[in-house]
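Protein chains in written order, with the working numbering: chain A, 1 to 391; chain B, 1001 to 1294. First the structure, in the form of structure tokens, and then the observations on it.
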Amino acid sequence: MARLTLTDIKKSFGETQVLKGISLDVQDGEFLSLVGASGCGKSTLLRIISGLETADSGRIEIDGVAVDQATPKARNVALVFQDYALYPHMSVAQNMAMPLVMGRLPMRARLPGAKWVTPGHAQTRREIAAKVQQVAEQLRIAHLLDRRPAALSGGQRQRVALGRALVRDPSLFLMDEPLSNLDAKLRVEVRREIVELHRKSGLTFVYVTHDQVEAMTMSDRVALLQEGHLLQVGPPGALYGDPASIDVARFIGSPEVNLLPVRAVAGGLQLAGQALPVASGQPEGTDLMLGIRPEAIRLAGSGTGPSFGLQVVRHGVEDLGGELVVHGALAHAPDVALRLRVQKAPDASAPLHLPETFAAEVPVGAVLLFGAGGQRLAVGQGASLRTEVPA
Amino acid sequence: MSDLTHTPDLSLTDRITGALSRVTPGRIIVTLLLLLGAWLMVFPFLWMVSSSLKPTSEVFDSDFTLWPKTFAGWQNYYDVLVTQPYLRYLTNSMIVCVGILVVQLATAVPAAYALAKLKFRGSTILLGTVIACLTVPINVTSIPIYLGLVKAGLLDTYLSMMFPFLVSVFAIFLFRQFFRAYPDSIIQAARVDGFTEIEIVLRLILPAAVPAAAAFSVFSFVSHWNDLYWPLIVVQSQEKMTATLSMMQYKSTFDINYGRTFAAATVVTVPMLLVFLFARRAFVRGITMSGVKG
Chain A
1 MARLTLTDIK KSFGETQVLK GISLDVQDGE FLSLVGASGC GKSTLLRIIS GLETADSGRI
61 EIDGVAVDQA TPKARNVALV FQDYALYPHM SVAQNMAMPL VMGRLPMRAR LPGAKWVTPG
121 HAQTRREIAA KVQQVAEQLR IAHLLDRRPA ALSGGQRQRV ALGRALVRDP SLFLMDEPLS
181 NLDAKLRVEV RREIVELHRK SGLTFVYVTH DQVEAMTMSD RVALLQEGHL LQVGPPGALY
241 GDPASIDVAR FIGSPEVNLL PVRAVAGGLQ LAGQALPVAS GQPEGTDLML GIRPEAIRLA
301 GSGTGPSFGL QVVRHGVEDL GGELVVHGAL AHAPDVALRL RVQKAPDASA PLHLPETFAA
361 EVPVGAVLLF GAGGQRLAVG QGASLRTEVP A
Chain B
1001 MSDLTHTPDL SLTDRITGAL SRVTPGRIIV TLLLLLGAWL MVFPFLWMVS SSLKPTSEVF
1061 DSDFTLWPKT FAGWQNYYDV LVTQPYLRYL TNSMIVCVGI LVVQLATAVP AAYALAKLKF
1121 RGSTILLGTV IACLTVPINV TSIPIYLGLV KAGLLDTYLS MMFPFLVSVF AIFLFRQFFR
1181 AYPDSIIQAA RVDGFTEIEI VLRLILPAAV PAAAAFSVFS FVSHWNDLYW PLIVVQSQEK
1241 MTATLSMMQY KSTFDINYGR TFAAATVVTV PMLLVFLFAR RAFVRGITMS GVKG
């Protein structure tokens, strides 16, 4: 159990500045995901937290105690690696016991064969074996304790790696893309198990992933990193529904958000010649970006409330079973691409048929507006509630 | 033959035809070449064993026979094994070879780990120095080392016989190549788990490096067992003579008993053959895995 505080962490490798001043506060018992594209510095940040790398500047505190100079062992953090990093020549039981052996036995009792020479530590050894057994049962790998890692499947190795991290009762539980080597089905399963593990153990988790779905589904809060900057930290819903900038909106959400170039005009916005009733509060003639989530575009007439209409040309349809992802473009401006997510009716006996060109509508409250610099802007109600779609 | 090709209900003639059908001109040529190569390798040994059974007069006889016309084997081997303190020489060789090997491994493994996995200032230059040292032959350093040993009064001791070989640059290089392939994430996991660096080497890397260690052990053991040059310089008494050096005794200004010399050579060679046979599998694996050829 621990609270982690990072203050202005900077790190460079040679000429490349990987982390450009990261400040982050992780609450006790929180599950925080560090998410970002590969190369954004999230793994480096995790290594700095674990003590495997040292930051060039900045401060790391665990429970208010500065640990910048402490070894990984002294920080009492557990780290689960992407490739599990199990000790290949040791059995599962030995792998899991290692952190405890290293932590609780003195050097001379760790030498090979010392078991027979130093009977004084028999009690500690029994405790270690009992703890390994208990954690193994908790993770349902007790029947594998005698095996070598090479004789395990990917999912089992993953559990052993989790077990090795768990036995030592770490203050911080760090995970570096632990699911990326598993197949899709197993990934969902282990994802649930990790969340369950977090709930039961009450430990502070820091979880690094490039997969936004993992970040969104597992964490209490998500921290989005890009090119060494922390873009936004917040609950998954906030990053999705209330992104602080255009980069956040673009990264979070799949299929990607629709970003349409618009211009501020009197009483609203202009999208490729079409007036939209969305008040931006910006001076007339300012170029802006309008963000619309794919599911915010619905078929015309299927909802109520203030909205504006769009005429869409259908290009391609991906049938995901429960819903359709439609790729298309604005009918009067073919270079403005649009992605839509259309829910199928629950009784999908009649296949949903979309004509070549169809009318769609977007609730005014569902749009995101960004300035030229990518910053988020407030949106108000425009002059007219419903505009006519140009022919 | 595997179970797949060996079907019991196949008749004898079928099997002969099957075997013959696999004989192609290419295979014949390859087999002949391999036989020739094997013969070139094995013949000196056969010649040595054969000569060790002959009296000196017959060793250089113009009509060479594998089996001696006059059998002098008993006499030759009796002279080597019984009239000489051969066991003493063998023990000396053993002490020197084992001593050298143990210190070489104890110095090379940590050095190789540091060069392969630790980031520190000057590591590239150090590695370059190590590689450069590979090119310096023993003959260059032998005179200063000899003079130093004379000054220290260490001539004719086991230490003087081992001294120039205690740190093997080749071993450092071989192990470094081997350690480099070890996954970094396992080392990092070990650091998080609380391993000290020495424990990382001993508990994780060394168990994985057994093939390399076996390969190097064979190299080291054979070369120091067969070494004549350095013992010849520093050994003065018969007490400290190595097995290889002892062969020199049969050569005097007036007479060389070649039969006995060959018998001694045979006896000296046998332990090395045994070492290689036992370590063969690990040896081959170590050489192929590290990508270093000796």
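Backbone N, C-alpha and C define an ideal beta-carbon position, used for all residues, glycine too. Everything numeric in this text was worked out from a predicted model, so none of it was measured.
Any C-beta of chain A under 8 angstroms from that of residue i
{"i": "I1145 of chain B", "result": "no"}
{"i": "P1044 of chain B", "result": "no"}
{"i": "I1016 of chain B", "result": "no"}
{"i": "G1194 of chain B", "result": "yes"}
{"i": "M1001 of chain B", "result": "Since pLDDT at M1001 of chain B reaches only 44, below the 50 mark, its modelled position is unreliable, and no value is offered."}
{"i": "P1207 of chain B", "result": "yes"}
{"i": "L1204 of chain B", "result": "yes"}
Check: residue i C-beta below 7 angstroms from any heavy atom of the ligand GTP
{"i": "I1200 of chain B", "result": "Although the ligand GTP was asked about, the structure shown includes no ligands whatsoever."}
Cβ of residue i within 8 angstroms of any chain B Cβ
{"i": "L230 of chain A", "result": "no"}
{"i": "K42 of chain A", "result": "no"}
{"i": "D169 of chain A", "result": "no"}
{"i": "D83 of chain A", "result": "yes"}
{"i": "G39 of chain A", "result": "no"}
{"i": "H89 of chain A", "result": "yes"}
{"i": "V379 of chain A", "result": "no"}
{"i": "P99 of chain A", "result": "yes"}
{"i": "G253 of chain A", "result": "no"}
{"i": "S23 of chain A", "result": "no"}
{"i": "L52 of chain A", "result": "yes"}
{"i": "G103 of chain A", "result": "yes"}
Identity of the residues DSSP links to residue i by a beta bridge
{"i": "V206 of chain A", "result": "A:L32, A:L174"}
{"i": "F392 of chain A", "result": "What is shown of chain A runs 1 to 391, which leaves residue 392 of chain A out entirely."}
{"i": "G41 of chain A", "result": "Its beta-bridge partners do not exist; DSSP assigns none."}
{"i": "A337 of chain A", "result": "A:A329"}
{"i": "P261 of chain A", "result": "A:M289"}
{"i": "G268 of chain A", "result": "A:V265"}
Chain-ordered residues of the segment 1231-1250 of chain B with a beta carbon less than 7 angstroms from chain A: none
Minimum length 4: unbroken alpha helix (DSSP H) runs contained in the segment 66-105 of chain A: 72-75, 92-104
Residues, ordered as in the chain, of the segment 1025-1051 of chain B that lie near chain A by beta-carbon distance below 9 angstroms: none
Three-pair Cβ contact test at 8 angstroms for the segment 1258-1277 of chain B versus the segment 1175-1193 of chain B: no
Validate contact between the segment 78-94 of chain A and the segment 1190-1206 of chain B using beta carbons, cut 8 angstroms, 3 pairs: yes
Those runs of the alpha helix (DSSP H) which lie wholly inside the segment 1170-1205 of chain B and span at least 4 residues: You should have 1184-1193.
Ordered list of alpha helix (DSSP H) runs contained in the segment 1240-1277 of chain B, each at least 4 residues: 1243-1246
Alpha helix (DSSP H) runs wholly inside the segment 1111-1175 of chain B, at least 4 long, in chain order: 1123-1133, 1138-1151, 1158-1162
Selection of the segment 1167-1191 of chain B by Cβ proximity to chain A, strictly under 8 angstroms: P1183, S1185, I1186, Q1188, A1189, A1190, R1191
Three CB pairs or more closer than 8 angstroms across the segment 281-296 of chain A and the segment 252-266 of chain A: Yes, the segment 281-296 of chain A touches the segment 252-266 of chain A.
Interface positions of the segment 59-83 of chain A facing chain B (Cβ-Cβ less than 8 angstroms), listed along the chain: T71, P72, K73, V77, A78, L79, F81, Q82, D83
Segment contact, 8 angstroms Cβ cut-off, at least three pairs: the segment 226-234 of chain A with the segment 34-54 of chain A: yes
Alpha helix (DSSP H) runs contained entirely in the segment 131-201 of chain A, provided each spans 4 or more residues: 154-166, 184-201
Ordered list of alpha helix (DSSP H) runs contained in the segment 1006-1088 of chain B, each at least 4 residues: Counting only runs of 4 or more, we get 1012-1021, 1025-1052, 1056-1059, 1073-1081.
Touch test, the segment 8-20 of chain A against the segment 40-60 of chain A, Cβ-Cβ under 8 angstroms, three pairs minimum: yes
Any 3 or more C-beta pairs closer than 8 angstroms across the segment 52-66 of chain A and the segment 232-251 of chain A: A contact between stretches requires three or more CB pairs, one per stretch, nearer than 8 angstroms, and the segment 52-66 of chain A fails this requirement with the segment 232-251 of chain A.
Segment contact flag, the segment 122-137 of chain A with the segment 70-80 of chain A, C-beta cutoff 8 angstroms, min 3 pairs: no
Sequence ranges, beta strand (DSSP E) only - wholly within the segment 292-323 of chain A, length at least 3: Within the segment 292-323 of chain A, the complete beta strand (DSSP E) runs of at least 3 residues are 307-319.
Segment contact, 8 angstroms Cβ cut-off, at least three pairs: the segment 1208-1218 of chain B with the segment 1158-1177 of chain B: yes
At least 3 beta-carbon pairs within less than 8 angstroms: the segment 187-196 of chain A vs the segment 62-69 of chain A: no
Segment contact, 8 angstroms Cβ cut-off, at least three pairs: the segment 1103-1121 of chain B with the segment 1232-1242 of chain B: The segment 1103-1121 of chain B is not in contact with the segment 1232-1242 of chain B.
The segment 312-319 of chain A touching the segment 330-347 of chain A, judged by at least three CB pairs closer than 8 angstroms: yes
Segment contact, 8 angstroms Cβ cut-off, at least three pairs: the segment 5-15 of chain A with the segment 194-206 of chain A: no
Stretch pair the segment 132-140 of chain A + the segment 157-172 of chain A: three plus CB contacts closer than 8 angstroms: Yes, the segment 132-140 of chain A is in contact with the segment 157-172 of chain A.
Three CB pairs or more closer than 8 angstroms across the segment 1067-1083 of chain B and the segment 1126-1140 of chain B: Judged by Cβ distances under 8 angstroms, the segment 1067-1083 of chain B makes no contact with the segment 1126-1140 of chain B, as fewer than three pairs qualify.
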